[in-house]
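A.B. asks: In the numbering used here, each number is its position in the sequence shown, counted from 1, plus 21.
For every residue, glycine included, the Cβ atom is placed at its ideal position computed from N, Cα and C.
Small disclaimer: the values here were computed from a predicted structure and weren't measured.
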Amino acid sequence: MTNTQPKKWKLMLLTWLFIYPLINILFFLLFPLMKEWHQLLKTLTLTLILVPLMGVFLPKWHGLFKNWIHQ
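Structure, rendered in structure tokens:
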């Protein structure tokens, strides 16, 4: 019988490969506009953008690699 549970390390790797470039893009685009803002407000803004993007696109991203995740 095959194991149908996804490999956690593969999910974590794919999640990191999704989030790392996205965070860098957001830093590049937004932080120059927010350079005078308090750090907590910068972090709040970043997470208000990042979390919904993750909710929408991360399942699709994992779906693209579904076969590999379950190997």
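If LEU79 sits next to THR25, beta carbons under 8 Å apart, how far is it from one beta carbon to the other, in whole angstroms?
C.D. replies: In the sequence shown, counting from the first residue as 1, residue 79 sits at position 58. In the sequence shown, counting from the first residue as 1, residue 25 sits at position 4. Not quite, the Cβ-Cβ distance comes to about 20 Å (not below 8 Å), so this is no contact.
A.B. asks: Does the separation of the CB atoms of ILE90 and LYS31 fall below 7 Å?
C.D. replies: As a working mapping, residue 90 is identified with position 69 in the sequence shown. As a working mapping, residue 31 is identified with position 10 in the sequence shown. In this structure, LYS31 lies closer than 7 Å to ILE90 by Cβ.
A.B. asks: Is LYS87 helix, strand or coil when you go by DSSP?
C.D. replies: On the sequence shown, position 66 is the one that residue 87 refers to. Residue state, collapsed to three classes: helix.
A.B. asks: To the nearest angstrom, report how far apart LEU85 and LEU47 are at their CA atoms.
C.D. replies: Reading the sequence shown from its first residue, position 64 is the one you call residue 85. Reading the sequence shown from its first residue, position 26 is the one you call residue 47. Each residue's alpha carbon lies about 23 Å from the other.
A.B. asks: Have a look at PRO42 and LEU67 and give me their C-alpha separation to the nearest angstrom.
C.D. replies: Taking the sequence shown and counting its residues from 1, one reaches residue 42 at position 21. Taking the sequence shown and counting its residues from 1, one reaches residue 67 at position 46. Cα to Cα, PRO42 sits roughly 13 Å from LEU67.
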